[in-house]
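Working notes, beginning with the structure itself.
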Amino acid sequence: QVQLVESGGGVVQPGRSLTLSCAASGFTFSTFGMHWVRQAPGKGLEWVAVISHEGDNKYYGDSVRGRFTISRDNSKKTLYLHMNSLRAEDTAVYYCAKGYIVATIFDGMDVWGQGTTVTVSS
Amino acid sequence: AIQLTQSPSSLSASVGDTVTITCRASQGITSALAWYQQKPGRAPKLLIYDGASLESGVPSRFSGSGSGTDFTLVLRSLQPEDSASYFCQHFHNNPPLTFGGGTKVEIK
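Protein chains in written order, with my numbering: chain S, 4 to 125; chain E, -5 to 102.
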């Protein structure tokens, strides 16, 4: 079945870096744009970033632009989020999500992972 | 950035009621809007795509409408399992792809 599994979350000190991974299965990963969305404790959803199906176009939310980098390895069916200069306000559950329409970057999201928790604290 | 304003932020209704949630965009986004349902501790679930298209497997008591700046999600014949938070999200070609603030639906 179509599945996304995130990993790499944990506790990290402010100013440090962390990389999240999202392993995809059950669909043709290389044909869909992929997103990262996060949710701080008790808060709503915040869109973080999107990458096109071929990896050549990337867009970011205002609060992470310049600090986070989204990337993908289509041969490994894996999405990544490299997070630098982490702040307390980056503490959240991070979800990866699959775009709805083939080869579309600005899109809704029809499949979500279970999320991985990132806690930024000294 | 396009802002999405959802209202109400929370509501309480009885089984069998009809509830309406609105999402207003700060500028026109054609029909590029999705609605999601999220239950506590779970990932969001896509309900409605492109303003009004019901996602496969979603009960027909859910419906969406709207275009431009004003959108609505209607839940008819409310069921206990509809207790959740609901979020709108735009995917117009004007990133970032923001979410609305959410609406928490409680069943009395």
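For each residue, glycine too, the CB sits at the ideal point set by N, CA and C.
Neighbour-count burial assignment, glutamate 75 (chain E), 16 or more Cβ in a 10 Å radius | For this step, residue 75 (chain E) is matched to residue 81 along the second sequence. Glutamate 75 (chain E) should be labelled exposed.
C-alpha gap between glutamine 42 (chain S) and alanine 27 (chain S), whole angstroms | Within the first sequence, numbered from 1, the residue matching residue 42 (chain S) stands at position 39. Within the first sequence, numbered from 1, the residue matching residue 27 (chain S) stands at position 24. The alpha-carbon atoms of glutamine 42 (chain S) and alanine 27 (chain S) are separated by roughly 21 Å.
Using a Cβ-Cβ cut-off of less than 8 Å, list which residues of the segment 48 to 80 of chain S approach chain E; keep chain order.
-> Flagged, chain order: Leu48, Glu49, Trp50, Val53, Tyr62, Tyr63, Gly64 and Asp65.
Residue range of the beta strand (DSSP E) that includes aspartate 64 (chain E) | Residue 64 (chain E) sits at position 70 when you count from the first residue of the second sequence. Element bounds for aspartate 64 (chain E): 64 to 69.
Can you say whether proline 38 (chain E) is buried or exposed, counting buried as having 16 or more other CB atoms within 10 angstroms of its CB?
-> Position 44 of the second sequence holds residue 38 (chain E). Under the 10 Å beta carbon count, proline 38 (chain E) is surrounded by 16 or more other beta carbons and is classified as buried.
Terminal residues of the continuous beta strand (DSSP E) containing alanine 27 (chain S)?
-> One-based indexing of the first sequence puts residue 27 (chain S) at position 24. Looking at the DSSP string, the run of the beta strand (DSSP E) that includes alanine 27 (chain S) is 21 to 28.
Cross-strand partners of alanine 28 (chain E) (DSSP beta bridge) | Working through the second sequence from its first residue, we reach residue 28 (chain E) at position 34. Paired residue(s): E:Gln83.
Just how far apart, CA to CA, sit tyrosine 80 (chain E) and proline 17 (chain S)?
-> On the second sequence, residue 80 (chain E) is found 86 positions in, with the first residue counted as 1. On the first sequence, residue 17 (chain S) is found 14 positions in, with the first residue counted as 1. Linking tyrosine 80 (chain E) to proline 17 (chain S) through their CA atoms gives a straight-line distance of about 32 Å.
Note down, in chain order, every chain S residue with its Cβ under 8 Å from the Cβ of phenylalanine 81 (chain E).
-> Locating residue 81 (chain E) in the second sequence gives position 87, where the first residue counts as 1. Those are Gly47 and Leu48, listed as they occur along chain S.
Measuring CB to CB, does valine 99 (chain E) end up less than 8 Å from serine 77 (chain E)?
-> For the purposes of this step, residue 99 (chain E) is taken as residue 105 along the second sequence, with counting starting at 1. For the purposes of this step, residue 77 (chain E) is taken as residue 83 along the second sequence, with counting starting at 1. Yes, these two residues count as a Cβ contact at 8 Å.
Would you decide whether valine 105 (chain S) is buried or exposed? Buried here means 16 or more other CB atoms lie within 10 Å of its CB.
-> Locating residue 105 (chain S) in the first sequence gives position 102, where the first residue counts as 1. Around the CB of valine 105 (chain S), fewer than 16 other CB atoms lie within 10 Å, so the residue is classed as exposed.
Determine which residues share a DSSP beta bridge with histidine 56 (chain S) and list them.
-> Here residue 56 (chain S) corresponds to residue number 53 of the first sequence, with the count starting at 1. None; histidine 56 (chain S) has no bridge partner.
Say whether chain S places a C-beta atom closer than 8 Å to the C-beta of threonine 92 (chain E).
-> For this step, residue 92 (chain E) is matched to residue 98 along the second sequence. Using a Cβ-Cβ cut-off of 8 Å, threonine 92 (chain E) counts as an interface residue toward chain S, since at least one Cβ of chain S sits closer than that to its own.
Check the DSSP bridge columns for phenylalanine 93 (chain E) and list the partner residues they point to.
-> The sequence position of residue 93 (chain E) within the second sequence is 99, counting from 1. Phenylalanine 93 (chain E) is bridged to E:Gln83.
Is the CB of tyrosine 98 (chain S) under 8 Å away from at least one CB in chain E?
-> In the first sequence, residue 98 (chain S) corresponds to position 95, counting from 1. Yes, its Cβ sits closer than 8 Å to a Cβ of chain E.
Is the Cβ of phenylalanine 56 (chain E) closer than 8 Å to any Cβ of chain S?
-> In the second sequence, counting from the first residue as 1, residue 56 (chain E) sits at position 62. Phenylalanine 56 (chain E) does not count as touching chain S.
Along chain E, which residues have their Cβ under 9 Å away from the Cβ of aspartate 93 (chain S)?
-> Taking the first sequence and counting its residues from 1, the one referred to as residue 93 (chain S) is at position 90. Within 9 Å Cβ-Cβ: nothing; aspartate 93 (chain S) doesn't reach chain E, min ~16 Å.
Could you spell out where the beta strand (DSSP E) holding lysine 101 (chain S) opens and where it closes?
-> Translated into the one-based positions of the first sequence, residue 101 (chain S) becomes position 98. Note, lysine 101 (chain S): beta strand (DSSP E), 95 to 105.
For phenylalanine 109 (chain S), name the three-state secondary structure that DSSP assigns.
-> In the first sequence, residue 109 (chain S) corresponds to position 106, counting from 1. Looking at phenylalanine 109 (chain S) - three-state DSSP - the assignment turns out to be coil, as it is neither helix nor strand.
Taking histidine 85 (chain S) as the reference, give the member of S:Gln4, S:Arg19 and S:Asp65 with the closest Cα.
-> Counting from one through the first sequence, the residue named residue 85 (chain S) turns up at place 82. The closest CA to that of histidine 85 (chain S), considering only S:Gln4, S:Arg19 and S:Asp65, is found on S:Arg19.
Tell me where the beta strand (DSSP E) around valine 8 (chain S) begins and ends.
-> On the first sequence, residue 8 (chain S) is found 5 positions in, with the first residue counted as 1. According to the DSSP assignment, valine 8 (chain S) belongs to the beta strand (DSSP E) that extends over 6 to 10.
Counting along the chain, where does the beta strand (DSSP E) carrying glutamine 0 (chain E) start and finish?
-> Translated into positions along the second sequence, residue 0 (chain E) becomes position 6. Segment -2 to 1, the beta strand (DSSP E) holding glutamine 0 (chain E).
Identify each residue in the segment 112 to 125 of chain S for which the Cβ-Cβ distance to at least one residue of chain E is less than 9 Å, and report them in chain order.
-> Answer set for the segment 112 to 125 of chain S: Met112, Asp113, Val114, Trp115, Gly116, Gln117 and Gly118.
Please confirm whether valine 114 (chain S) and alanine 100 (chain S) have their CB atoms less than 8 Å apart.
-> As a working mapping, residue 114 (chain S) is identified with position 111 in the first sequence. As a working mapping, residue 100 (chain S) is identified with position 97 in the first sequence. Going by beta carbons, valine 114 (chain S) and alanine 100 (chain S) fall inside the 8 Å limit.
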